[in-house]
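Below: one structure, written as structure tokens.
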Amino acid sequence: MNLVFDAINEKGQHVRDTVQAPSVKEGVEALRRQGFFVTHVAPATVEVSQGSKAGKKRVDDKASLPLKQLMMFTRQMSMLLTSGSALVPAINAVSAQMKSPTAKAMLSVVRDDLEQGMMLTDALRKHPNAFSSSYCAVVAAGESSATLPQMFSRLANIIGKQRATRNKIIGSLIYPVLLLCLSVKILAVMMFFVIPRFAGMFGTLGVELPWSTKFMMSTANTLRSHWILIVLMVASVIGGIVFLIRTKAGRQILANAQTRIPVLGRLMSRLIQGQTFRILGMLLEARVGLLESLDLARGVTANDQFQSIYDSLEDSVTRGESISGALENSKLISPSVVQAIKTGEQSGRLGESITFVADILDEENTELLGTATKLIEPLILIIMGAVVGAVAISLFMPLFDMTSAI
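Structure representation (structure tokens):
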């Protein structure tokens, strides 16, 4: 059996590695003989029965849940636990409603861990790509305070708002993307079909062509002659970007670039603010410690600027200073947001104040997103019209010259 373990070595350093052993118990004993203090150990992959059909589903610690399935799991758990259901039956009931084999297998592993006496938080933490650190922290707060149903309800509300925001962004981008695709299609038709016909006609007539027409025909010939190479290059670039995004360094590059995009950078910055503030407010309302909450909220984004803000907040809290005082020096946080947080600190309702700020930011971001979309749509139409117009003028200019000569 291949086991993944977390341990502290003899030098006091944290170690995460794998070990081969016949069972978990023997693996722990072997690690202890090597001088490790084991804090966590689990099978690297777990086989879970998938019903009457032959075959088994393997689940590793990299398995993830789409936001829709995570929201369904969280809402169902909130409803079942509020109605008085025990954890294991609740997990079984939710698993039965899941359509994804991966989700079913993952929840079966969670159920098995619970039946072996593991805390729910520890069982969820074995799947970090499905259940984030902040998610697990709220669940842990619910377990320690016997308010697990309320915490699942709070998580469901947060995930629902995150999903609504994401859907609004996607919905706002659909029309501009369709316009862009239409523009590319029109340009491709002109380059591959329209311009070659005009080129043949001009060649037959022996007309002297202006430079713009020659350039357009040369471009069309290049595209027609090397279209396979161009498609491969575009596919390679897209594949490289997708691969880069899947790496930690790539995600950080993308996160840093988002806030530096002209015009849209301000909107992206406010979206990150709303996202991190919502997580921070939720954690504080769940009675998670302030330093731990700041650290978890910091991990929500890979943007260097916002990570630096949360680093300074942690330093300020460690020195006994207020959060609002540290935020006053940031150019990314507006004075009204700082004042709202300051009021929350003074009234002892910091979590509620930060959550309220996140709600306001989400509303303002929706309005900004709508405005940005309204600006992008005519811009794409203008660019598309200019390109098509330039091609048309270049093609008809020799005909006008011929008519003038006659």
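Taken in order, the sequence shown gives residues 69 to 474; the numbers are from my numbering.
The C-beta atom is built at its ideal place from N, Cα and C for all residues, glycine as well.
Between G123 and the rest of its own chain, which residues show a CB-CB distance below 6 Å, the 5 nearest in sequence each way excluded?
As a first step, residue 123 must be located in the sequence shown, where it is residue number 55. Legend: pLDDT at G123 = 36, less than 50; position of this residue unreliable, value from coordinates given subsequently. Answer for G123: no residue qualifies.
Put L71 into one of helix, strand or coil per three-state DSSP.
Here residue 71 corresponds to residue number 3 of the sequence shown, with the count starting at 1. When secondary structure is reduced to three states using DSSP, L71 falls in the strand class.
Hey, would you say R231 sits closer than 8 Å to M139, going by beta carbons?
If you number the sequence shown from 1, residue 231 lands on position 163. If you number the sequence shown from 1, residue 139 lands on position 71. For R231 and M139, yes; Cβs fall inside 8 Å.
C-alpha gap between I347 and A365, whole angstroms
Taking the sequence shown and counting its residues from 1, the one referred to as residue 347 is at position 279. Taking the sequence shown and counting its residues from 1, the one referred to as residue 365 is at position 297. Cα atoms of I347 and A365: separation of roughly 6 Å, rounded to the nearest angstrom.
Buried or exposed: S415, going by 16 or more other Cβ atoms within 10 Å of its Cβ?
Here residue 415 refers to the residue found at position 347 of the sequence shown. Answer is exposed; the Cβ neighbour count stays below 16.
Span of the alpha helix (DSSP H), counted from its first residue to its last, around T369
Taking the first residue of the sequence shown as position 1, residue 369 is located at position 301. No alpha helix (DSSP H) contains T369, which DSSP labels as neither H nor E.
If you run the structure through DSSP and keep just helix, strand and coil, what is E115?
Here residue 115 refers to the residue found at position 47 when the sequence shown is read from its first residue. Confidence is the limiting factor: at E115 the pLDDT is only 41, short of 50, which leaves the residue's position unreliable and the question unanswerable from this model.
Kindly indicate the opening and closing residues of the alpha helix (DSSP H) around K236.
Position 168 of the sequence shown holds residue 236. Residues L216 to V257.
Proximity winner among E94, S91 and L99, relative to D85 (alpha-carbon distances):
Against the sequence shown, residue 85 aligns to sequence position 17. When only C-alpha atoms are compared, the closest one is L99.
Which partner residues does T272 have in the DSSP bridge list?
Looking up residue 272 in the sequence shown gives position 204. Beta-bridge pairing by DSSP links T272 to no other residue.
Complete runs of the alpha helix (DSSP H) confined to the stretch 272-307 [at least 4 residues]:
Positions of the alpha helix (DSSP H) runs, each at least 4 residues long and wholly inside the stretch 272-307, are given as 279-293 in order along the chain.
Cβ pair I409, I391 closer than 8 Å:
Here residue 409 is taken as the residue at index 341 of the sequence shown, counted from 1. Here residue 391 is taken as the residue at index 323 of the sequence shown, counted from 1. Contact flag set, yes.
According to the Cβ coordinates, are A171 and Q137 closer than 8 Å?
The residue you call residue 171 lines up with position 103 of the sequence shown. The residue you call residue 137 lines up with position 69 of the sequence shown. Yes, they are a contact pair.
Exposed unless 16 or more other CB atoms sit within 10 angstroms - verdict on V114:
Numbered from 1 along the sequence shown, position 46 holds the residue referred to as residue 114. Only weak support exists for where V114 lies, its pLDDT of 42 falling under 50; the value from the coordinates is given anyway. It counts as buried.
First and last residue of the alpha helix (DSSP H) that includes E97?
Numbered from 1 along the sequence shown, position 29 holds the residue referred to as residue 97. Start and end: V92 to R101.
Determine, using beta carbons only, whether G357 and S201 come nearer to each other than 8 Å.
As a first step, residue 357 is located in the sequence shown; it is residue number 289 there, counting from the start. As a first step, residue 201 is located in the sequence shown; it is residue number 133 there, counting from the start. Not a contact, by the Cβ cut-off of 8 Å.
Mapping the DSSP letters down to three states, classify G185 as helix, strand or coil.
Taking the first residue of the sequence shown as 1, we reach residue 185 at position 117. DSSP places G185 in coil when its eight states are reduced to three.
For G438, which residues from the same chain have a beta carbon less than 7 Å from its beta carbon, with the 5 sequence-adjacent residues on both sides left out?
For the purposes of this step, residue 438 is taken as residue 370 along the sequence shown, with counting starting at 1. Excluding positions up to five away in sequence, the list reads S240.
Which term fits D372, buried or exposed, when burial requires 16 or more other beta carbons within 10 angstroms of its beta carbon?
Counted from its first residue, the sequence shown places residue 372 at position 304. Exposed.
Starting from E353, follow the alpha helix (DSSP H) in both directions and report where the run begins and ends.
Counting from 1 along the sequence shown, the entry for residue 353 is found at position 285. Looking at the DSSP string, the run of the alpha helix (DSSP H) that includes E353 is L332 to E353.
For L277, I'd like the list of residues in its chain whose CB is within less than 8 Å of its CB, leaving aside the five on either flank, ordered along the chain.
Counted from its first residue, the sequence shown places residue 277 at position 209. Only F270, M285 and P466 meet the Cβ criterion.
Roughly how many angstroms separate the alpha carbons of F73 and G185, rounded to a whole number?
As a position in the sequence shown, residue 73 is number 5, starting the count at 1. As a position in the sequence shown, residue 185 is number 117, starting the count at 1. Rounded to whole angstroms, the gap between the alpha carbons of F73 and G185 is 18 Å.
Under a Cβ-count criterion, where at least 16 other Cβ atoms within 10 Å of its own Cβ denotes burial, should Y243 be classed as buried or exposed?
Taking the sequence shown and counting its residues from 1, one reaches residue 243 at position 175. By the 10 Å Cβ count, Y243 comes out exposed.
Identify whether A198 lies in helix, strand or coil by the three-state DSSP scheme.
Within the sequence shown, residue 198 is the residue found at index 130, counting from 1. DSSP places A198 in the coil class of the three-state scheme, outside both helix and strand.
Close-in-space but distant-in-sequence residues of the same chain around Q165 (CB under 8 Å, 5 per side omitted):
Here residue 165 refers to the residue found at position 97 of the sequence shown. These residues qualify, in order along the chain: M140 and Q144.
Please determine, among T434, I321 and M259, the residue with the shortest C-alpha to C-alpha distance to W295.
Here residue 295 is taken as the residue at index 227 of the sequence shown, counted from 1. Of T434, I321 and M259, the residue nearest in Cα terms is M259.
If distances are taken between C-alpha atoms only, which option among A214, D190 and I448 comes closest to C204?
In the sequence shown, counting from the first residue as 1, residue 204 sits at position 136. With distances taken between Cα atoms, C204 lies closest to D190.
Kindly list the residues whose CB is nearer than 7 Å to the CB of I226, restricted to its own chain and excluding five residues on each side of it in sequence; keep chain order.
If you number the sequence shown from 1, residue 226 lands on position 158. Result list for I226: R346 and M350, in chain order.
Give me the Cα-Cα distance between A460 and T441, rounded to the nearest whole angstrom.
As a first step, residue 460 must be located in the sequence shown, where it is residue number 392. As a first step, residue 441 must be located in the sequence shown, where it is residue number 373. One C-alpha to the other measures close to 28 Å.
Beta carbon of T344 nearer than 8 Å to that of T369:
For the purposes of this step, residue 344 is taken as residue 276 along the sequence shown, with counting starting at 1. For the purposes of this step, residue 369 is taken as residue 301 along the sequence shown, with counting starting at 1. Yes, the Cβ-Cβ distance between T344 and T369 is below 8 Å.
Nearest residue (CA-CA) to D427, options T150, G228 and L148
The residue given as residue 427 occupies position 359 in the sequence shown. The shortest Cα separation from D427 among T150, G228 and L148 belongs to G228.
So, under 8 Å CB-CB, R445 and L247 are touching, yes? Tell me the CB distance rounded to an integer number of Å.
Numbered from its first residue, the sequence shown carries residue 445 at position 377. Numbered from its first residue, the sequence shown carries residue 247 at position 179. For clarity, residue 445 is Glu in the given sequence; the question names Arg instead. About 7 Å; that satisfies the 8 Å criterion.
Quick one: is I159 buried, meaning 16 or more other Cβ sit within 10 Å of its Cβ, or exposed?
Mapped onto the sequence shown, residue 159 falls at position 91. Around the CB of I159, 16 or more other CB atoms lie within 10 Å, so the residue is classed as buried.
Measure how close the beta-carbons of L216 and L149 come, nearest whole angstrom, since I'm counting them as under 8 Å.
Here residue 216 refers to the residue found at position 148 when the sequence shown is read from its first residue. Here residue 149 refers to the residue found at position 81 when the sequence shown is read from its first residue. Confirmed, about 6 Å.
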